[in-house]
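So the structure is just underneath, and the comments pick up after that.
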Amino acid sequence: MADTVLEVEDLRVHYLTRFGVRVQAVDGVSFSLKEGEILGIAGESGCGKTTLVSGCMGLYIPPLYHSSGDVRIGGKTIVGLTPEENRKSVLGRKIAMIPQGALNSLNPTRKIKDLAADMILSHDESADKREINDRLRQRFERIGLRPDDVLNAYPVQLPAGTKQRVVIGISTLLNPQVVVADEPTSALDVSTQKAVIKLLFDLMDQSIIHSMLFITHELPLLRHVSNRIAVMYAGEFVEVGTSEQVIFDGRMPYTKALMGSMLSAEPGQKSKKPVAIEGAPPNLAHPIKGCRFAERCPQVQPDCRENRQVIRIVGGRQVRCQYAE
Ligand SMILES: Nc1ncnc2c1ncn2[C@@H]1O[C@H](COP(=O)(O)OP(=O)(O)O)[C@@H](O)[C@H]1O
Ligand SMILES: [Mg+2]
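Mapping the sequence shown onto numbering that gives the first Met the number 0, position 114 (from 1) lands on 113, and the numbers just tick up by one.
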């Protein structure tokens with residue numbers, strides 16, 4: 000069996016606002032990621048995906064704080080490391096992120112070669128200029144970039160697709176054990192989206208990337224991307240199964256509603272008209288007694304608002320709904 004590279008155990012992460020309000024944005028999330036696996040994480044905007052990513056990377060920058068739970072990468076916990084220890088031994092090397100809005104994540108005032116060199120230097124201060132240059136050229140060529148066109152350019156001089164490729168190239172320079180792609184394709188046109196996903200697969204084929212968390216608010220997109228899918232709602236995982244199970248046979252009412260709210264035409268089929276999910280997710284600044292989806296659930300029962308929902312196994316996958324069958 001493949002080794003587990005990332006283990007997240009009952010992780011809880013919160014924001015503490017200026018007004019002293021505690022927002023429990025990640026509230027008891029557990030999962031593991033195996034070598035070679037892609038886990039998709041999907042949910043509406045604001046459900047806690049990016050906060051979960053910060054927790055998985057140990058990136059606690061106030062007002063974000065670790066409340067409880069563990070994160071282990073390669074069997075070693077990263078909880079409790081100082082930001083300096085985390086930067087030196089974890090970020091970029093054990094776990095690296097392709098950031099949300101990657102197109103704007105590059106510092107516009109520096110050349111690509113300097114931005115890329117920073118990634119190497121942050122882990123190996125003794126690397127010399129020539130060695131860094133050779134490494135960058137090799138890696139950029141390997142991922143289909145022309146070093147001569149790219150290395151001396153400023154981010155603004157590159158077309159969107161190339162910039163995305165550069166961001167992915169820089170993020171993965173140190174061959175991290177786990178790559179987290181947080182909405183890497185949102186705000187891109189469809190053909191650039193496809194190119195980005197193809198690039199990520201190429202990097203996996205070439206063993207530059209091994210395991211990945213792929214985060215998106217577009218659940219149908221994951222069908223051709225991930226092996227397994229976790230659907231997230233209001234800080235919790237509400238359904239976790241294989242991509243087939245979740246996309247074609249979701250059992251949690253939220254999963255079904257989320258699929259129904261997306262345009263997802265299959266080749267040769269007419270696309271169904273998307274139906275928006277009415278209402279809004281609950282405010283995580285207040286404790287919630289029962290099912291977090293109850294207020295919006297088309298199948299809600301009176302006691303759903305009373306009972307805290309726990310994970311059950313239904314049809315071979317995990318579901319957080321007492322009535323799912
Ligand atoms: N700096 C912050 N202070 C307080 N609450 C925040 C802050 N940043 C995000 N949140 C809240 O945390 C929740 C999760 O946000 P986020 O992880 O960005 O969701 P997603 O990535 O799924 O869109 C949201 O309800 C959001 O309002
Ligand atoms: Mg996000």
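For every residue, glycine included, the Cβ atom is placed at its ideal position computed from N, Cα and C.
The structure presented is a predicted model; accordingly, all values stated were derived computationally and were not measured.
- The count of Cβ pairs closer than 8 Å, one atom from the segment 222 to 229 and one from the segment 299 to 310, stays below three, leaving the stretches out of contact.
- In the same chain as Glu34, and ignoring 5 residues on each side of it, the C-beta atoms closer than 7 Å to its own belong to Ala1, Asp2, Val4, His209 and Ser210, in chain order.
- Fully enclosed beta strand (DSSP E) runs of no fewer than 3 residues occupy 21 to 33 and 37 to 41 of the segment 13 to 66, in order along the chain.
- Each residue's CA atom was taken as its position, placing Arg129 and Asp148 some 18 Å apart.
- Straight through space, the alpha carbons of Pro273 and Ser260 are spaced by roughly 5 Å.
- Under the DSSP assignment, Val155 falls outside any alpha helix (DSSP H); it carries neither an H nor an E label.
- Between the segment 210 to 223 and the segment 22 to 39, the count of Cβ pairs shorter than 8 Å is three or higher; the stretches touch.
- At a threshold of 6 Å, Ala24 counts as near ligand 1, since its beta carbon sits closer than that to one of the ligand's heavy atoms.
- By the neighbour-count definition (other C-beta atoms within 10 Å, threshold 16), Gln137 is an exposed residue.
- The beta carbon of Asn151 is closer than 7 Å to those of Lys110 and Lys112 in its chain, skipping five residues each way along the sequence.
- Per the coordinates, the alpha-carbon of Gln244 lies some 8 Å from the alpha-carbon of Arg316.
- In this structure, Ala95 lies near Val178, with their beta-carbon atoms less than 7 Å apart.
- Taking a 10 Å sphere around the C-beta of Arg250, we find 16 or more other C-beta atoms and assign the residue as buried.
- With 16 or more other Cβ atoms inside 10 Å of its own Cβ, Asp181 counts as buried.
- Sorting Gly91, Val25 and Ser88 by C-alpha distance to the C-alpha of Tyr64 places Val25 at the top.
- Residues of the same chain with a CB within less than 8 Å of the CB of Lys288, apart from the 5 flanking positions on each side, are Arg304, Glu305 and Arg307 in chain order.
- Across the structure, Gln192 and Val20 are spaced so that their CA atoms are roughly 38 Å apart.
- Bridge partners of Arg316 according to DSSP: Val313.
- In summary, Ile214 is buried, with 16 or more beta-carbon neighbours lying within 10 Å of its beta-carbon over all protein chains present.
- In the structure shown, Tyr322 falls within a coil segment according to DSSP collapsed to helix, strand and coil.
- Counted as a single uninterrupted DSSP element, the stretch harbouring Met203 is not any beta strand (DSSP E) but the alpha helix (DSSP H) occupying residues Val189 to Asp204.
- In this structure Gly79 is exposed. Its beta-carbon is surrounded by fewer than 16 other beta-carbon atoms within 10 angstroms.
- Annotation for Thr184 indicates a beta carbon at 6 Å or more from all heavy atoms of ligand 2.
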